[in-house]
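Visitor: Quick one: the structure is below, and I'll ask about it shortly.
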Amino acid sequence: MQLDRIKKDAFFDTKNNMDKEKYLTQLGNRTALSIGLSAYISFVLISETFSAKQTLPLNQLSINPTTMLAKGSARIYIEDEAQQEQTLFFHQHHDFLSIEAGITLQSDATLFIEFLEDSELLLVPGTHIPNLYKLFPEFHQVQAGHHQTFQQNLFNHQLNLSVLNGAERYNRFLSEYKQIAMVCEQKKIASFLGIDAKTLSRLRANPKRK
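Given below as structure tokens:
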């Protein structure tokens with residue numbers, strides 16, 4: 017029985033190390049991480065888990081430049097005082113939630129996150145973020161790189177809404193968010209695409225139509 021426990025602990029230690037390695041690879045995919053920065057992050061990295069369909073105001077979530085969706089998928093949406101939802105964007109696994117902490121909204125609107133599947137976030141606790149900036153000069157570049165990726169994704173989506181028709185937007189969505197298309201409610205996808213639910217239903221029946 018003691019041997020079984022040792023094997024089980026070794027399994028979870030191995031999985032934890034693999035998760036950390038994948039996280040560090042994603043964090044440093046644009047700017048190489050120094051040995052010291054990698055070691056610091058590995059030591060303090062934590063995880064937070066969420067259930068499928070769980071929603072909460074975005075300001076109640078631990079988001080900083082190191083927050084990565086390690087498992088699952090999520091939807092960011094805005095809700096107005098009439099409780100009408102508008103999907104702003106989606107996050108897939110290995111995406112960083114590069115959202116500005118001080119973002120300003122209309123007084124009657126609130127940002128929410130919905131986890132579309134059982135999900136896991138990996139992040140450095142907020143109390144350590146000042147140390148990352150102070151001790152490791154490259155962390156500024158790491159953070160800037162992920163923020164630039166996020167900004168580019170937002171720009172690309174706005175461009176799609178401006179220049180593509182409904183069918184083209186839906187086909188692009190299927191190519192970029194295949195897993196999300198299977199787990200997210202259609203009306204929420206329609207909101208993201210800037211079309212109504214009935215139009216999306218027709219497009220789903222013939223997704224290759226131009």
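17 is the number of the first residue of the sequence shown in our numbering; add one for each residue after it.
Where a beta carbon is used, it is the ideal one built from N, C-alpha and C, also for glycine.
Please read all numbers here as calculations on a predicted model, not as lab measurements.
#1: With distances taken between CB atoms, is the gap from H156 to V60 smaller than 8 Å?
#2: Determine the closest residue to T65 out of L180, E136 and T47, with distance taken between C-alpha atoms.
#3: For S114, I'd like the list of residues in its chain whose CB is within less than 6 Å of its CB, leaving aside the five on either flank, ordered along the chain.
#4: Nearest-angstrom Cα distance between V158 and A55?
#5: Please work out which residues of its chain come closer than 8 Å, Cβ to Cβ, to E154, disregarding the five sequence neighbours upstream and downstream, and give them in chain order.
#6: Compare the C-alpha of L138 against each of K87, L180, V199 and S217 and name the closest.
#7: List the DSSP bridge partners of F166.
#8: Measure how close the beta-carbons of L132 and I205 come, nearest whole angstrom, since I'm counting them as under 8 Å.
#9: If you check the beta carbons only, do I94 and T126 fall under 8 Å apart?
#10: What are the boundary residues of the alpha helix (DSSP H) that E95 is part of?
#11: Rounding to the nearest angstrom, what Cα-Cα distance links T83 and L190 in this structure?
#12: If you count every other CB in all the chains shown that lies within 10 Å of the CB of A213, and 16 or more means buried, which is it?
#13: Looking at the secondary structure, which residues open and close the beta strand (DSSP E) in which T126 lies?
#14: Here's a check: name, in chain order, each residue in its chain whose Cβ is nearer than 7 Å to the Cβ of T103, leaving out the five neighbours to either side.
Guide: According to the data block:
#1: no
#2: E136
#3: H162, H163 and F166
#4: 15 Å
#5: T47, A48, L49, S50 and L53
#6: K87
#7: BP columns for F166 are empty, so no partner.
#8: Actually they are not in contact, since the Cβ atoms of L132 and I205 sit about 11 Å apart, beyond 8 Å.
#9: yes
#10: Segment A90 to E95 is the beta strand (DSSP E) holding E95; no alpha helix (DSSP H) there.
#11: 26 Å
#12: exposed
#13: T126 to F131
#14: R91, Y93, K204, S207 and F208
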